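Trainee: Using this note's numbering, the letters of the sequence shown correspond one by one to residues 5 to 483. The beta-carbon is built from N, C-alpha and C at its ideal position, and this holds for glycine as well. Owing to the predicted nature of the structure, the values given are computational and were not obtained by experimental measurement. Submitted below is the structure of interest, expressed as structure tokens.
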Amino acid sequence: MFIGLDLGTSGLKGVLVDADQRVLAEATAPLEVSRPRDGWSEQSPADWIGAAEAVLDALAAARPLNEVRGIGLSGQMHGATLLDAADEVLRPCILWNDTRSHEEAAQLDASPAFRRVTGNIVFPGFTAPKLLWVQRHEPAIFDRVAKVLLPKDYLRLWLTGLHVAEMSDAAGTSWLDTGARDWSDDLLQATGLSRDAMPALVEGSEVSGQLRKALAGRWGFPEGVVVAGGGGDNAASAIGAGVVRAGQAFVSLGTSGVLFAANDGYAPNAATAVHTFCHALPDTWHQMGVILAATDALNWFARLTGADAAALTAGLGPLRAPGKTVFLPCLGGERTPLNDAAIRGAFIGLEHATDRAAATRAVLEGVTFALRDCRDALAATGTTFDSLLAVGGGSRSEYWLQVIATALDMPVTLPVAGDFGGAFGAARLAIMAATGAGAEIAAPPETARVIQPDAHLRDAFDAAHDRYRAAQSAIKGLT
Numbered sequence: 005m006f007i008g009l010d011l012g013t014s015g016l017k018g019v020l021v022d023a024d025q026r027v028l029a030e031a032t033a034p035l036e037v038s039r040p041r042d043g044w045s046e047q048s049p050a051d052w053i054g055a056a057e058a059v060l061d062a063l064a065a066a067r068p069l070n071e072v073r074g075i076g077l078s079g080q081m082h083g084a085t086l087l088d089a090a091d092e093v094l095r096p097c098i099l100w101n102d103t104r105s106h107e108e109a110a111q112l113d114a115s116p117a118f119r120r121v122t123g124n125i126v127f128p129g130f131t132a133p134k135l136l137w138v139q140r141h142e143p144a145i146f147d148r149v150a151k152v153l154l155p156k157d158y159l160r161l162w163l164t165g166l167h168v169a170e171m172s173d174a175a176g177t178s179w180l181d182t183g184a185r186d187w188s189d190d191l192l193q194a195t196g197l198s199r200d201a202m203p204a205l206v207e208g209s210e211v212s213g214q215l216r217k218a219l220a221g222r223w224g225f226p227e228g229v230v231v232a233g234g235g236g237d238n239a240a241s242a243i244g245a246g247v248v249r250a251g252q253a254f255v256s257l258g259t260s261g262v263l264f265a266a267n268d269g270y271a272p273n274a275a276t277a278v279h280t281f282c283h284a285l286p287d288t289w290h291q292m293g294v295i296l297a298a299t300d301a302l303n304w305f306a307r308l309t310g311a312d313a314a315a316l317t318a319g320l321g322p323l324r325a326p327g328k329t330v331f332l333p334c335l336g337g338e339r340t341p342l343n344d345a346a347i348r349g350a351f352i353g354l355e356h357a358t359d360r361a362a363a364t365r366a367v368l369e370g371v372t373f374a375l376r377d378c379r380d381a382l383a384a385t386g387t388t389f390d391s392l393l394a395v396g397g398g399s400r401s402e403y404w405l406q407v408i409a410t411a412l413d414m415p416v417t418l419p420v421a422g423d424f425g426g427a428f429g430a431a432r433l434a435i436m437a438a439t440g441a442g443a444e445i446a447a448p449p450e451t452a453r454v455i456q457p458d459a460h461l462r463d464a465f466d467a468a469h470d471r472y473r474a475a476q477s478a479i480k481g482l483t
């Protein structure tokens, strides 16, 4: 058997699978985010350990773990977990959606070396500018930093006692030479660090260490359980969804929204604000457009109206043409293609006819138009695809999938019921590490159905997207 652990922003999920990748048990534990100031987003790494303990307790209660051979890790990217020389946590982890270091990010991005070496813009949510912020605003803490770990790699330290990262997650730090798949000494030096502060690097499908004996005894694991390198949340989700080769793509409707495409080669184009990262498999890369609020935007609107998000979307009926109301989903800044930490969202074109259903449709359309902009940005780098696999909590909304298919003018495939996210992908990476298997075991899931674009509404959605872009330009600087 094999375990996948996915450390998300709102919770940690674990799955237990057998050698045929059948899910035998799963468990989740919630996590809270602290927002002590505007633009800040933090978590306590101790809470991650507590969540992992709760999940392993639940998995062990469901099935004996004495046949587990490997554990894989997936996790939220970009977080800065700062440790001293004794591996004690120095401050709460600064998360991926924290924008406090926007000035530091702009400073680093102004140096041509960062885009040239990493293949990416230095976004405020990435790890390197956060360390520059700590150096400036919390110098006593910075002076004690001995190691910088990404969130899932702090879990790995607890599991194995080792400081190790893998390529897909490391590519989101702004310290990795993404083409060479190695740390860049020059970029580390630019933020006052050296290679000594970095974990060792492995591929996601390789062994990173073995489970500590104390933990093996606590949950009844056998000796010698390997811990795979794993992957950043989106790369691991791609392994789970079978998106491992060029031409394969998925759209993830989670807290954030992601349009993810696998690539056989390294072809960055930082100016598009597309992320070009290493994949969780050797000699493979991926590109993705990222928007910061997908289901996060819908959940915000649900709280505003005092309704349940699922109930809001369930009663929308058949797909209809967009109305006059336009929603801009950049509630906390935006990445692709805007790279703007300051921009905020808006409803535009509100009228007497804008009832709750119309506003809900506008929210779904606005997030979708942001994903369409990501599709166009990917195309500008030469990355194309003609269909999408839909994953994430938002994919449970039939109406939303119809909007995406029609607005992007391509079929959207919905997999059969099952977990094809980060935890399942991490379990697949555990199988690879424990058995020596490769990408061949990461097959796409069985298709439940395919949602086709509505040709009769294509022009209406094109026109609405034009209004969306115009509204986006109009509010820039006002929010």
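(1) Cα separation between A301 and I98?
(2) Which term fits G386, buried or exposed, when burial requires 16 or more other beta carbons within 10 angstroms of its beta carbon?
(3) Who are the Cβ neighbours of A89 in its own chain at under 7 Å, not counting the five residues just before and after it?
(4) How would you label P449, buried or exposed, when you count the other beta carbons within 10 angstroms and need 16 or more for buried?
(5) Skipping 5 residues on each side, what residues in its chain have a beta carbon closer than 6 Å to that of H106?
(6) Is it right to say R41 is buried, meaning 16 or more other beta carbons lie within 10 angstroms of its own, or is it exposed?
(7) Between the Cα of R348 and those of T276, G43, H283, G261, spot the shortest distance and give me the residue it belongs to.
(8) Given that a residue counts as buried once 16 or more other Cβ atoms are within 10 Å of its Cβ, and exposed if not, what is S14?
(9) Per DSSP, which one or two residues make a beta bridge with T451?
(10) Alpha helix (DSSP H) containing Q193: first to last residue?
(11) Do P333 and A381 count as a contact pair if the criterion is CB distance below 8 Å?
(12) Under the three-state reduction of DSSP, which class applies to W162: helix, strand or coil?
(13) Can you tell me which of D413, H469, A430 puts its alpha carbon nearest to the alpha carbon of H460?
(14) In terms of residues, what are the limits of the alpha helix (DSSP H) holding G426?
(15) Does the Cβ of N70 have 16 or more other Cβ atoms within 10 Å, making it buried, or fewer, making it exposed?
(16) Do you know how far the Cα of A56 is from the Cα of R67?
(17) On the CB-based measure, 16 or more other CB atoms within 10 Å of its CB, does Q252 come out buried or exposed?
(18) Cα separation between L20 and F428?
(19) Hey, V231 and L154: beta-carbon distance below 8 Å or not?
(20) Suppose the cutoff is 8 Å on Cβ atoms and the five residues either side in sequence are ignored; what does the same chain contact list for W304 look like?
(21) Give every residue of the same chain whose Cβ lies closer than 7 Å to the Cβ of A58, excluding the five residues on either side of it in the sequence, and list them in chain order.
(22) Could you pull out every residue in the same chain whose Cβ sits closer than 7 Å to the Cβ of W100, ignoring the five residues on either side in sequence?
(23) Could you check the C-alpha separation between P322 and R471 for me, to the nearest Å?
(24) Find out if the Cβ-Cβ distance for the pair G397, D10 is shorter than 8 Å.
(25) Taking the beta carbon of L3 as the centre, do at least 16 other beta carbons fall within 10 Å, making it buried, or is it exposed?
(26) My parser needs the alpha helix (DSSP H) runs of 4 or more residues fully inside the region 78 to 141; what are they?
(27) Using the Cβ count rule (16 or more neighbours within 10 Å means buried), how would you classify G337?
(28) With 16 as the cutoff for other CB atoms within 10 Å, does A409 come out buried or exposed?
(29) From the DSSP output, which residues share a beta bridge with G293?
(30) When you compare the region 257 to 275 with the region 286 to 296, are there three or more beta-carbon pairs, one atom per stretch, that lie closer than 8 Å?
Mentor: On the basis of the data shown:
(1) 21 Å
(2) The residue is exposed, with fewer than 16 neighbouring Cβ atoms inside 10 Å.
(3) A150
(4) buried
(5) P128, A345
(6) exposed
(7) G43
(8) By the Cβ-count criterion, S14 is exposed, with fewer than 16 other Cβ atoms from all chains shown falling within 10 Å of its own Cβ.
(9) P419
(10) For Q193, the enclosing alpha helix (DSSP H) stretches over residues 189 to 194.
(11) no
(12) helix
(13) D413
(14) 426 to 439
(15) So N70 ends up on the exposed side.
(16) 16 Å
(17) buried
(18) Taking C-alpha positions only, L20 is separated from F428 by approximately 9 Å.
(19) no
(20) Excluding residues within five positions, the ones whose Cβ falls inside 8 Å are A297, L335.
(21) Only A33 meet the Cβ criterion.
(22) Q80, M81, H82, G83, G129
(23) 22 Å
(24) no
(25) Past the boundaries of the shown model lies residue 3; the chain is included only from 5 to 483, so the question cannot be answered.
(26) You should have 106 to 113, 116 to 122, 131 to 141.
(27) buried
(28) Result: buried.
(29) L263
(30) yes
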